[in-house]
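Below: one structure, written as structure tokens.
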Amino acid sequence: MSPSSRFRWLPGSRLGRLILALNLLGLAILIGGALVLNELRRGLIDARIDSLTTQGELIASILDQAATVGEPEPQMDTALATELLQTLSNPTAQRARLFDSHGRLVGDSAWMADRVERKALPPAKARGERDLMPHRAGPTARQVQRALEVEVAAALLGHHRAGMRPGEGGERVVSVSIPIQHVRAVLGVVTLEASDVDAIIARERKALIPFILIAISVTLASSLLLNSLVAQPVLRLAHAADRVRQARARAISLPDLAKRDDEVGDLTRSLEDMTQALSERMDAIESFAADVAHEIRNPLTSLRSAVETLDLVADPAARERLLGILKNDIQRLDRLVTDISNASRLDAELSRDQPKIVDLGRLIPDIVSLYQTATRAGDVAVVFAAHRGMESVQVMGREGPLGQILRNLIDNARSFSPPGETVTVGLLRVKGQAVATVADNGPGIPAENLETVFQRFYTSRPKGAAFGGNSGLGLSIARQIAEAHGGTLRAENRTGADGKVLGALFVLTLPDAAP
36 MSPSSRFRWL PGSRLGRLIL ALNLLGLAIL IGGALVLNEL RRGLIDARID SLTTQGELIA
96 SILDQAATVG EPEPQMDTAL ATELLQTLSN PTAQRARLFD SHGRLVGDSA WMADRVERKA
156 LPPAKARGER DLMPHRAGPT ARQVQRALEV EVAAALLGHH RAGMRPGEGG ERVVSVSIPI
216 QHVRAVLGVV TLEASDVDAI IARERKALIP FILIAISVTL ASSLLLNSLV AQPVLRLAHA
276 ADRVRQARAR AISLPDLAKR DDEVGDLTRS LEDMTQALSE RMDAIESFAA DVAHEIRNPL
336 TSLRSAVETL DLVADPAARE RLLGILKNDI QRLDRLVTDI SNASRLDAEL SRDQPKIVDL
396 GRLIPDIVSL YQTATRAGDV AVVFAAHRGM ESVQVMGREG PLGQILRNLI DNARSFSPPG
456 ETVTVGLLRV KGQAVATVAD NGPGIPAENL ETVFQRFYTS RPKGAAFGGN SGLGLSIARQ
516 IAEAHGGTLR AENRTGADGK VLGALFVLTL PDAAP
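Just so you know, we're using our numbering here: the sequence shown kicks off at 36 and counts up by one.
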């Protein structure tokens, strides 16, 4: 299973899901580590508060029992209470203070501990040197004292207080204040505080380092992976495209990238297909140019021969025949140039116009009516054989080129039909496809030429037909337009019951746009 396939539930493409998943993974590691350590910190601080509260309640209870004097108004023996506090407290683990009923400090384990606080001094500066490193402003002594007074005042009202507050050295301390109560009278307050909170936090930050390193490693690995999977392949594609442009190569070929099942693979295959199509188009242009040169050379040769001979012929009848040849060759050249121009503009016209809904049930009768209007006595007539229910057959395409297909087929059918015959245009819908037919009553098409007739410049005229009346491009252009619309164009012969050929039939099939 590929890495990106595990995250198909994420939105976006395959590489997009991979990028998002890797970035989320690094972020999740950091968030997870922070949450875990935050819970650990909260647990450690809560455990420290519970421990100090238990000790404070024990000390307060002992002081209530052993250092209380006077009846019926009890009082605390501060000297005895101070000695007991010295015995019960552990100055190396926490600091214990004793306050009387008026909130005055009467005992402190720091007074009794034989310990000297040591703190490293900052390095000495030269005279006139300014301190460029700003120092973090800590709590003032008044703020520290005020926080302690508030805590003690609350305990003198009979409430247990526990929490964190600033210490005298600017550090954070965990502090609990327990009232010393005799029945309902509050005789004093025992305050225990531990200043190892910063050390706990420092250990937690140190414990966060592995998570940070893992997150950095994941981010670095994902960056290298994305560079390998995306940036480098795209760069290879760019270099391959440059080679095609600079070396005039015909196609891009990167088989290792084309095998990939992701967007880079899709892009590579698309570029290979595109350049292959361009190569085929270039080959077609070269072939088309060669065919054009060959077709134009024939009438030009005939024209040159007729012109060179014209001055040598004195017989008026022979000169008239030569002039007729000149006119026919000029007409043939004109027809060739016109059809070649249409063929060369076809791709541009197909790419310029956007496909839209075209109603063949309206387009075909309009084209047929134009032929009917221009038909004279003795000409080949064109009729539309409408099938019931075929009044609206819609396809997705371009109206101009589709009309050109029908005109080329009708012109071809008329040129092969005897005078006075009829060309029949039909339209029907078959299995979700629109089918247009053009049938004539001519000699038909030899079986071996049913495909050849669609080749460029192929002409096979019946005996007696006018020479040069066709360029041989009409059917080729018609098939090219049909294929550009996702359809087909084929030729077949109409036969009778006895197998005799009755004429040619051209069948145009296009995808039906009807729902």
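Ideal Cβ positions, reconstructed from N, Cα and C, are used throughout, including at glycine.
Check	Outcome
Chain-order list of residues whose beta-carbon lies under 8 Å from that of N443 (same chain, five-residue window excluded)	G509, L510, I512 and A513
Exposure of I66, with buried meaning 16 or more beta-carbon neighbours within 10 Å	exposed
Min CB distance R196 to chain C below 8 Å	No chain C is present in this structure, which holds just one protein chain.
Chain-order list of residues whose beta-carbon lies under 7 Å from that of R207 (same chain, five-residue window excluded)	M199, P201, V232 and D233
First and last residue of the uninterrupted alpha helix (DSSP H) at E184	A176 to L191
Range covered by the beta strand (DSSP E) that runs through V403	Where V403 is concerned, there is no enclosing beta strand (DSSP E), although the alpha helix (DSSP H) it sits in stretches over L395 to A409.
Nearest-angstrom Cα separation, counted from V269 out to N363	58 Å
Endpoints, beta strand (DSSP E) assigned at P214	R207 to H217
Classification of T613 by the beta-carbon crowding that lies within 10 angstroms, buried from 16 upward	Any answer about residue 613 is impossible in this case: the structure gives the chain only from 36 up to 550.
Where A353 falls, given that 16 or more other Cβ within 10 Å makes a residue buried	exposed
Three-state secondary structure (DSSP) of A412	coil
As assigned by DSSP and simplified to three states, the class of D85	helix
C-beta atoms of V458 and I399 nearer than 8 Å	no
A63 (DSSP reduced to helix, strand or coil)	helix
Beta-bridge partners of E228, as assigned by DSSP	R130 and S210
CA nearest to the CA of I213, picked from A539, L98 and A319	L98
Three-state secondary structure (DSSP) of Q31	In the structure as shown, the chain starts at 36 and stops at 550, and residue 31 therefore has no counterpart that could be examined.
Stretch pair the segment 404-418 + the segment 523-533: three plus CB contacts closer than 8 Å	no
Environment of V342 [buried if 16+ CB atoms lie within 10 Å]	exposed
Check whether V417 and I445 have beta carbons under 8 Å apart	yes
Test item: CB-CB of L227 and Q129 under 8 Å	yes
Between the CA atoms of E108 and A145 - distance to the nearest angstrom	31 Å
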